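Q: Here the numbering used here is used: the sequence shown runs in plain steps of one and ends on residue 1697.
Just so you know, even glycine gets a beta-carbon here, dropped at the ideal spot from N, CA and C.
Just so it is clear, the structure is predicted and the values come from calculations on it, not from any experiment.
Sharing a structure below in structure tokens format, with a few things to ask.
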Amino acid sequence: MRGNNRIGLFPISQSDTCSFLAIDFDKKDWRDAVTAVRQAADQQGVEAYVEISRSGNGAHVWFFFDNDIPCKQARDFGKTIIKLAMQESKSISFSSFDRMFPNQDLLPKGGFGNLIALPLQGDSYKEGRTVFVDRDFKPYKNQWKYLQDVNRISSKQLKNVLTIENESKKDSKELSLSLSNVLKIDKSTLSTKTAYFLKNLASFPNPEFYLKQATRQPTYQTPERIYLFEENDKELRLPRGLLTRIKQEFEQVNVSDERPRQETIQVSFTGQLRLEQEVALSDMTNKENGLLCAETGFGKTVLGAALIARLQKRTIVLVHNRQLLEQWLDRLSDFLYFEEDEAVRYTPSGREKRIGHIGQYQAAKKWTSGLVDVVMIQSLFKHDNIDKFLSSYGMMIVDECHHVTARQFEKVVAQFSGQYLYGLTATPERKNGHEPIVFQRIGEILHIADKEDTNFEKYLTLHLTSFGKLDIEKSKSTNFSELNQWLAEDVTRNKMIGQDIYRSYQEGRKILVLVNRVEHIEHLGELLQQKQLMHVFYLSGRTKRKDVQKNLEKLTV
1141 MRGNNRIGLF
1151 PISQSDTCSF
1161 LAIDFDKKDW
1171 RDAVTAVRQA
1181 ADQQGVEAYV
1191 EISRSGNGAH
1201 VWFFFDNDIP
1211 CKQARDFGKT
1221 IIKLAMQESK
1231 SISFSSFDRM
1241 FPNQDLLPKG
1251 GFGNLIALPL
1261 QGDSYKEGRT
1271 VFVDRDFKPY
1281 KNQWKYLQDV
1291 NRISSKQLKN
1301 VLTIENESKK
1311 DSKELSLSLS
1321 NVLKIDKSTL
1331 STKTAYFLKN
1341 LASFPNPEFY
1351 LKQATRQPTY
1361 QTPERIYLFE
1371 ENDKELRLPR
1381 GLLTRIKQEF
1391 EQVNVSDERP
1401 RQETIQVSFT
1411 GQLRLEQEVA
1421 LSDMTNKENG
1431 LLCAETGFGK
1441 TVLGAALIAR
1451 LQKRTIVLVH
1461 NRQLLEQWLD
1471 RLSDFLYFEE
1481 DEAVRYTPSG
1491 REKRIGHIGQ
1501 YQAAKKWTSG
1511 LVDVVMIQSL
1521 FKHDNIDKFL
1531 SSYGMMIVDE
1541 CHHVTARQFE
1551 KVVAQFSGQY
1561 LYGLTATPER
1571 KNGHEPIVFQ
1581 RIGEILHIAD
1591 KEDTNFEKYL
1601 TLHLTSFGKL
1611 DIEKSKSTNF
1621 SELNQWLAED
1631 VTRNKMIGQD
1641 IYRSYQEGRK
1651 ILVLVNRVEH
1661 IEHLGELLQQ
1671 KQLMHVFYLS
1681 GRTKRKDVQK
1691 NLEKLTV
């Protein structure tokens, strides 16, 4: 109380239990948020205790339990109270779910969890901060007496809250929105429950959070949910890929289409699609946005050319590496015929150079035709005016669209406001579980190509290895990249892989070896050279462009 020391408390005990839950509110409308949480608690017959934060510009809402309870139960209790409050008040941000103490269910290895400063800190206390306040946010005169008389939450009260069915439900049958690069909704037309419902549609649980929690890793700065909506005082903005889902959820959706409409271009497809490709093209053109899922070899680039010819729109094709860029340039040149003037560019000296009908945008070759352009998406990350650049296209095709889960990739795609938006991928699933980003930014799956039947019999054989680095101390590492490096360098394990490759080689098999690290290619390459194997080809990000092309040509012979 003298203010000589500041004391904090780690809520999680060694047994993964806690005796209280606290929620931190520090946004500009924190008073409204705190009041809403307090009212939600009142409705459930439990008491919320509000402490003004040390800054004076926020508050902690405390809940005290009559016994130590599992942190998971305490956090589930907090989530339920927050959800109830959010359905009655627009002042509560979804970030509140990440502002709870404790911030995870289990004590992290080698750590203590998050720390909360205790109330009644001397200097702040004298200035009316770190004190408990009433419903009018006025401090109680006797803070110690107030704390002495707190009503702790019983096991029965806790159970009652945890058993509440708390699915988000809208209370409106009709919705009006504007469609451009995002779905824009006037917040004044939304009830609190409907706004909460829509925000839930544009969010999903973050698998990374739960993985870290399950393995007792710190979850600091890892959100429990990922949110793709944006809002300001006037508008709620949702990803455009949610339009189909929204139309399913509401009886009537009034859409004001604000997407720019470009003139059509004169282009035709000179190839012949297979039946399965025709079916895929039909499924895609029935909708203005969505995904094609087809394995390598299906002919997605050829189908993309047919799509451009069918819709007759100025098109930007996004790729993420040079090999794909060149593949698209080749296929589009082979299968598209234009009845348009060719684009030209001018050198610094003023000389006219022909671009043609199909342009490219990457590294030093930023030569766009404005008709059909293949663009390395990384070239747009630092573009000065990306909105204007994208606005001239009526269609975007995103190849290998599962990469849209990467923040920079997502940022580019999210700014496209043209009429048509399609993604191509072998599989939208991601190791990190972030594929909802692809669906919400681009759209639902429009067609899944059947896997091509082959005469090969397929076997999966597991080869167990003794990975020496994974001793007790090493297994505590949370650095996945470092673990991959250890795997690549493990001599015993690499010898086992080399022996398997050599055995299959002697049996006359064709062998594809996939690794995660370039260094791993080098280690395995040394082993294979010792065996004097013929016709071994190496491909990686470090392989020279000419060598990549030569190796690919040899592989296709």
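With DSSP collapsed to three states, give me the class of V1553.
A: Helix, per DSSP.
Q: Where does the unbroken beta strand (DSSP E) through T1565 begin, and where does it stop?
A: It spans 1560-1565 - the beta strand (DSSP E) in which T1565 sits, taken as one unbroken run.
Q: Any heavy atom of the ligand SAM closer than 6 Å to the Cβ of L1247?
A: This structure simply doesn't include the ligand SAM, nor any ligand for that matter.
Q: Please list, in chain order, all residues of the same chain as I1456 whose beta carbon is under 6 Å from its beta carbon, the five residues on each side excluded.
A: Excluding positions up to five away in sequence, the list reads D1513, V1515, Y1533, M1536.
Q: Quick check: the region 1411-1419 against the region 1538-1554, are at least 3 beta-carbon pairs closer than 8 Å?
A: Judged by Cβ distances under 8 Å, the region 1538-1554 makes no contact with the region 1411-1419, as fewer than three pairs qualify.
Q: Near T1175, which residues of its chain fall below 8 Å by C-beta distance, leaving aside the five closest residues on each side in sequence?
A: So the list reads S1229, R1275, once near-sequence residues are dropped.
Q: Determine the direct distance from the alpha carbon of G1437 to that of I1641, and round the result to whole angstroms.
A: About 25 Å.
Q: Using DSSP bridges, identify the partner residues of N1197.
A: DSSP output for N1197 lists no bridge partner at all.
Q: Am I right that S1408 and Y1477 are in contact with their C-beta atoms under 8 Å? What's the rounded C-beta distance?
A: 5 Å between Cβ atoms; contact.
Q: With three or more C-beta pairs closer than 8 Å as the rule, is the region 1464-1476 touching the region 1430-1449?
A: At 8 Å Cβ cutoff, the stretches touch.
Q: I'd like the span of the beta strand (DSSP E) that includes Q1502, first residue to last.
A: Looking at the DSSP string, the run of the beta strand (DSSP E) that includes Q1502 is 1498-1502.
Q: Could you tell me whether the region 1354-1370 touches the region 1563-1582, using the rule of 3 or more Cβ pairs below 8 Å?
A: The region 1354-1370 is in contact with the region 1563-1582.
Q: Of all the alpha helix (DSSP H) runs that stay within the bounds of the region 1240-1273, which reach a length of 4 or more residues?
A: DSSP runs (the alpha helix (DSSP H)) wholly in the region 1240-1273: 1262-1266.
Q: Straight-line CA distance for Q1463 to M1240?
A: Q1463 and M1240: Cα-Cα distance of roughly 47 Å.
Q: Tell me, which residues are paired with F1478 by DSSP?
A: Per DSSP, V1407.
Q: How would you call A1225, buried or exposed, if buried means at least 16 neighbouring beta carbons within 10 angstroms?
A: Burial call: buried.
Q: From G1490 to Y1501, what distance separates their C-alpha atoms?
A: Using only the alpha carbons, I get a separation of about 20 Å.
Q: Tell me, please, which residues DSSP counts as bridged to P1210.
A: BP columns for P1210 point to T1157.
Q: How would you call M1674, buried or exposed, if buried means at least 16 neighbouring beta carbons within 10 angstroms?
A: With fewer than 16 Cβ atoms within 10 Å of its Cβ, M1674 is classed as exposed.
Q: Is it true that the CB of I1152 sits closer than 7 Å to the CB of P1242?
A: Yes. Within cutoff.
Q: Determine the extent of the beta strand (DSSP E) in which T1487 is found, giving its start and end residues.
A: Neither: T1487 is in no beta strand (DSSP E) and is coded neither H nor E.
Q: Bridge partners for Q1392 per DSSP, in chain order?
A: Beta-bridge pairing links Q1392 to E1314.
Q: May I ask which residues mark the beginning and end of the beta strand (DSSP E) holding R1450?
A: Element bounds for R1450: not the beta strand (DSSP E) but the alpha helix (DSSP H), 1440-1451.
Q: So is W1170 buried or exposed if we call it buried at 16+ other beta carbons inside 10 Å?
A: Answer is buried; the Cβ neighbour count reaches 16.
Q: Could you spell out where the beta strand (DSSP E) holding F1344 opens and where it closes?
A: From DSSP, the beta strand (DSSP E) with F1344 extends over 1343-1345.
Q: Among the candidates L1376, K1296, G1148, K1339, whose CA atom is the shortest distance from the CA of S1328?
A: Answer by Cα proximity: L1376.
Q: With a 10 Å radius around its C-beta and 16 neighbouring C-beta atoms as the bar for buried, classify T1594 as buried or exposed.
A: Reliability fails at T1594, whose pLDDT of 47 lies under 50, so the model's placement of it is uncertain and the value that follows must be treated cautiously. Result: exposed.
Q: Pick helix, strand or coil for N1282, following the three-state DSSP scheme.
A: Note: N1282 maps to coil in three-state DSSP.
Q: According to DSSP, simplified to helix, strand and coil, what is D1423?
A: Looking at D1423 - three-state DSSP - the assignment turns out to be helix.
Q: Quick check on the DSSP output: the alpha helix (DSSP H) that includes K1699 runs from which residue to which?
A: Given a span of 1141 to 1697 for the chain in the structure shown, any question on residue 1699 remains unanswerable.
Q: Just how far apart, CA to CA, sit E1348 and Q1625?
A: So the alpha carbons of these two residues sit roughly 21 Å apart.
Q: So which of M1636, Q1669, W1202, G1198 has the shortest CA-CA distance to L1604?
A: The option with the nearest alpha carbon to L1604 is M1636.
Q: By Cβ distance, which residues of its chain are closer than 7 Å to D1172, with the 5 residues on each side in sequence left out?
A: S1229, S1231.
Q: With 16 as the cutoff for other CB atoms within 10 Å, does L1421 come out buried or exposed?
A: Buried.
Q: Since N1300 is in the beta strand (DSSP E), which residue starts that stretch and which ends it?
A: Segment 1295-1302 is the alpha helix (DSSP H) holding N1300; no beta strand (DSSP E) there.
Q: May I ask you to list the residues that DSSP assigns as paired with P1379?
A: DSSP output for P1379 lists V1322 as bridge partner(s).
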